[in-house]
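**Q** In the order they appear, the protein sequences are chains A and B.
Numbered per this note's numbering, the first sequence spans residues 1 to 152.
Numbered per this note's numbering, the second sequence spans residues 153 to 583.
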Amino acid sequence: MGLRGTIALLLFACSGPPPVAPAAVINATPSSVCYGDAFRTQVHLDSRGSSPELTLVYTRPDPDAGEITFDWSFSGAVCLGLDSDPATCNVKIDPASSDALGHMTGSDVLFTMAGDRPVNATLKVTNAAGGVTIAKLTISITPLDDAGACPL
Amino acid sequence: MSSLKYFFFACFALARPAHAAAGSAFSEPSQSAAMADAVTARPGNAGTLVTNPAGLADLKEAQIVAGAHGDFVSQWVQRTGDPASVDRSRGFGGGSFAAATPLPGPGWLRHFGFGLALDVPAQYLLHIHVPTRTDEPTSPIYDGRPDKISAAFALGYRIIPGLELGVGFAISPTLTLPTLVQYQAGRSPNVNDNVEVRIDSSLDLAVVPFLGLRVQPWDWLGLAIVYRDAQVSRATGTQTTAAGGILAPDSISFFQMWEPSTVVIGASFTPIKPLTVTLDVTWRKWSDFHTGFDEVLAPPYAFNDTLSIASGIEAKIAKGVFLRGGLGFEPTPIPTQTGPTNYLGANTIIGALGAGLDFRELKGLPFMVDAHVRMRADATQSATKNVGAMPDADPTTAGTQIDNMGFPGFRSHAFMFQGGITATFFLGGTK
């Protein structure tokens, strides 16, 4: 590490405490789809309950805390309606939930699943102070019953 | 919070000059590592007191061993049908220190050799990953075993010429309860790093015995048998989570197997003086393995005991110059992962090369330097889940909800590369 790197490190060390982390919450409706759903059931993920400051006990939101930003991602082969989509999809994102570059930065996301595997959804929340919190939620799949019907 | 990582830093006032073979995984001295650890039946030294404490009776003079190693594990896991794999690669390293001496005094006392060793990981004195889910993909071989400090003490005794017995104790930090978990909002931009774990008292030390027997009926043949007890960290009890003025007691059960109980039978052949060939057969009792939540794994998901084989060769190619090599095979203890767990690992081939310079012969200086490279190549693991074996993630909803992180199946692969160097200093003394 040269002199410049050392000075940068010292400046970083003296720059004060890191920012407060935000709260990241994922709610899923429904939380499970049946095996072999084949993209029929739309799953709605919302970030209700996320806030600029993480508190284990509810406190009134600070009006000066600023906005929080969202960044969603999913496990598996995710199709966004782009040319770069994989040939086979496990997850199809509703076009209204992503931008032209495939970024999912809204507070809500709508998607459908092939229903061959659980899907892990990840929500990264960033507050105005630069604090980051990541939440994860798994949308499970439900095998069909003995009669071949979906029990959900 | 995707996962909660507890990092325990024990502030021991210990220097970190090096490391030696006190029992931490992958911390063997270069002489042993270069021969795929098949050195149980060879005459011992300070660096092999855990390998076979009986070898300490071979010491002719006091010696100090210092070493260091750097390691990189390339590992990936990919769920069936996923377009990309998850990279779990990581680097680590450590240092070792060992010292041993024959006891001074009258003749009968000089039949004893005493040694101690210390392994110190480069990053953490103890690093434990507490999984939040039992189905979280984890590697029992590579994830935690190198990440702990370990110390060992051993005593070897030469009963008669050619018959040696040794006993020792390995000491590893373990967990104690009650433990206080606090959330320090604002300590870090990342919420995971705001969790602070405080152990109320000092870190407990787990003491496990090991013992060995070495027989040298002829100069060309050495035989040995060694037993090492399991090294396990376990925590059971209540922890308190503090958030502001709220104190929430929570039960906790945690299990980490650092090393299973082990029995090694070894042989060492010296057909001609400059050449030694060794063979070690190792039985490991992996069936005692529990989940991270200290739950017994029921058949067919219980781990299997394993029988490994390793062979080494050492050749003195010139005055004070040694070349070494080793090959080994370790069958995996992990059963086919058709059930709720997602343990990563497969049958492994080990290959090693090394060289040593004995400056006593080269320059008349009282030290040796040895170096090695070692690789572990795992076969590709493949698993397809049994739907009927998947637990219900939400019993309140109709049907069985499957949220297993490995469903419908997965593949994984690992490759480890290690390089290390060891210096041995001879201090003279009792002859």
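By construction, the Cβ of each residue, glycine as well, lies at the ideal position given by its N, Cα and C atoms.
Nothing here was measured: the structure is a model prediction, and the numbers come from that model.
Provide the residue span of the alpha helix (DSSP H) that contains E288 of chain B, from first to last.
**A** Run containing E288 of chain B: none; DSSP gives neither H nor E here.
**Q** Have a look at B:A419, B:E213, B:T548 and flag the residue whose alpha-carbon is nearest the alpha-carbon of D371 of chain B.
**A** Residue B:A419 is the option with its Cα nearest to D371 of chain B.
**Q** Note down the Cα distance separating K300 of chain B from T549 of chain B, rounded to an integer number of angstroms.
**A** Rounded to the nearest angstrom, the two C-alpha atoms are 43 Å apart.
**Q** Once DSSP output is grouped into helix, strand and coil, what is the label at L101 of chain A?
**A** The answer is coil: DSSP assigns L101 of chain A none of H, G, I, E or B.
**Q** Mark E447 of chain B as exposed unless 16 or more other C-beta atoms lie within 10 angstroms of its C-beta, in which case mark it buried.
**A** Flag for E447 of chain B reads exposed.
**Q** To the nearest angstrom, how far is the alpha carbon of F70 of chain A from that of P205 of chain B?
**A** If you take the alpha carbons of F70 of chain A and P205 of chain B, they lie about 58 Å apart.
**Q** Can you tell me whether DSSP reads F511 of chain B as helix, strand or coil?
**A** Helix at F511 of chain B.
**Q** G558 of chain B and Q489 of chain B look like a contact to me (Cβ under 8 Å); what is the Cβ gap, rounded to whole Å?
**A** Contact flag correct, Cβ pair sits at about 7 Å.
**Q** Note down, in chain order, every chain B residue with its Cβ under 8 Å from the Cβ of S31 of chain A.
**A** Those within 8 Å of S31 of chain A in chain B are D546, T549, Q553.
**Q** Check whether the Cβ of N120 of chain A lies closer than 9 Å to any Cβ atom in chain C.
**A** Given the protein chain composition of this structure (A and B), no chain C is represented.
**Q** G503 of chain B by DSSP, collapsed to three states: which one?
**A** Here G503 of chain B sits in strand by DSSP.
**Q** In the DSSP assignment, what residue or residues form a beta bridge with N120 of chain A?
**A** Per DSSP, A:T138.
**Q** Between which two residues does the beta strand (DSSP E) harbouring W251 of chain B extend?
**A** Strictly speaking, residue 251 of chain B in this sequence is Ala, with Trp absent from that position. 242-254 is the span of the beta strand (DSSP E), which, as asked, contains A251 of chain B.
**Q** Tell me, which residues are paired with F562 of chain B by DSSP?
**A** B:R231, B:A535.
**Q** Please report the distance separating the alpha-carbon of T55 of chain A from that of A23 of chain A.
**A** Going by the C-alpha atoms only, they are around 7 Å apart.
**Q** Which whole-angstrom value describes the C-beta separation of A252 of chain B and A198 of chain B, a residue pair presumed to lie in contact below a C-beta threshold of 8 Å?
**A** Going by Cβ atoms, the distance from A252 of chain B to A198 of chain B rounds to 4 Å, so yes, they are a contact pair.
**Q** Give the single residue among A:A135, A:L144, A:P143, A:A149 whose Cα lies nearest to the Cα of W72 of chain A.
**A** Residue A:A135 is the option with its Cα nearest to W72 of chain A.
**Q** Any beta carbon of chain B sitting closer than 9 Å to that of A128 of chain A?
**A** A128 of chain A does not count as touching chain B.
**Q** Taking the alpha-carbon positions, what's the A523 of chain B to I68 of chain A distance?
**A** Approximately 53 Å, taken between the alpha carbons.
**Q** Quick one: list the residues of chain B neighbouring N90 of chain A, beta-carbon separation under 7 Å, in chain order.
**A** By Cβ distance, chain B contributes G233.
**Q** Going by alpha carbons, who is nearest to D99 of chain A out of A:S47, A:C79, A:A128, A:P86?
**A** Ranking A:S47, A:C79, A:A128, A:P86 by Cα distance to D99 of chain A puts A:C79 first.
**Q** Is there at least one Cβ from chain A nearer than 9 Å to N494 of chain B's Cβ?
**A** It does not: the Cβ of N494 of chain B has no partner Cβ on chain A nearer than 9 Å.
**Q** I want to know whether the stretch 359-373 of chain B touches the stretch 310-317 of chain B - three or more CB-CB distances under 8 Å.
**A** The stretch 359-373 of chain B, when compared against the stretch 310-317 of chain B, does touch it at the 8 Å Cβ threshold.
**Q** Let's see if you can read the secondary structure: which residues bound the beta strand (DSSP E) around Q42 of chain A?
**A** 42-46 is the extent of the beta strand (DSSP E) around Q42 of chain A.
**Q** Check this for me: beta carbons of Y35 of chain A and D108 of chain A, under 9 Å apart or not?
**A** Cβ distance not < 9 Å, so Y35 of chain A and D108 of chain A don't count as in contact.
**Q** Please list the residues of the stretch 426-446 of chain B that have a C-beta atom closer than 8 Å to any C-beta atom in chain A, keeping them in chain order.
**A** Hits within the stretch: zero.
**Q** What residues in its chain sit with their C-beta under 7 Å from that of K162 of chain A, if we drop five residues either side in the sequence?
**A** Coverage of chain A is limited to positions 1 through 152, which leaves residue 162 of chain A absent and any answer about it impossible.
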